[in-house]
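Offset between the sequence shown (1-based) and this note's numbering: plus 207.
What follows is a short report on a single structure.
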Amino acid sequence: KPRAQIHPEGAPRRASRAAASMAMARMDTERQDESLDFLSGTVQNLKRFGGAISEELDIHSKLLGEMEDQTDDSRGRIKQQQKKLDELSSESTMCALWTCIWVMVVAIFVLLVFF
Numbered sequence: 208k209p210r211a212q213i214h215p216e217g218a219p220r221r222a223s224r225a226a227a228s229m230a231m232a233r234m235d236t237e238r239q240d241e242s243l244d245f246l247s248g249t250v251q252n253l254k255r256f257g258g259a260i261s262e263e264l265d266i267h268s269k270l271l272g273e274m275e276d277q278t279d280d281s282r283g284r285i286k287q288q289q290k291k292l293d294e295l296s297s298e299s300t301m302c303a304l305w306t307c308i309w310v311m312v313v314a315i316f317v318l319l320v321f322f
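Here it is as structure tokens:
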């Protein structure tokens with residue numbers, strides 16, 4: 208069987224290929240680290256935005272609750288005022304009727320007495 212010939216340059220070529228491969232792996236790792244750092248910063252920004260949005264929603268929810276309470280109070284006052292207006296309306300109608308009756312009675316009396 209023929210033996211494979213060993214080239215004297217074979218060992219340095221392998222070492223140089225291994226070194227090049229390791230250098231490529233280090234560059235890939237550095238790029239991945241930079242990408243991960245960028246992603247980490249992006250995630251932190253999103254976390255801050257999410258927190259700010261959550262705070263804003265809490266504030267708006269509280270304001271809407273207060274507005275709802277004020278609206279309920281206003282509705283109650285409006286109903287009370289409407290009842291008072293209805294009472295005044297019925298009272299003024301009765302007053303107007305009594306006034307008309309008295310005017311007619313006086314007119315009839317004047318007609319009977321003077322004519």
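For glycine and all other residues, C-beta sits at the position ideal for the given N, C-alpha and C.
- In the three-state reduction of the DSSP assignment, F322 falls in the coil class, being assigned neither a helical nor a strand state.
- Taken atom to atom, the span from the alpha-carbon of L271 to that of I260 is near 16 Å.
- A straight line joining the alpha-carbon of T306 with that of F322 spans about 23 Å.
- Close CB contacts of K291 within its chain, under the 8 Å cut and outside five residues either way in sequence, are absent.
- CA-CA distance, S228 to R238, rounds to 15 Å.
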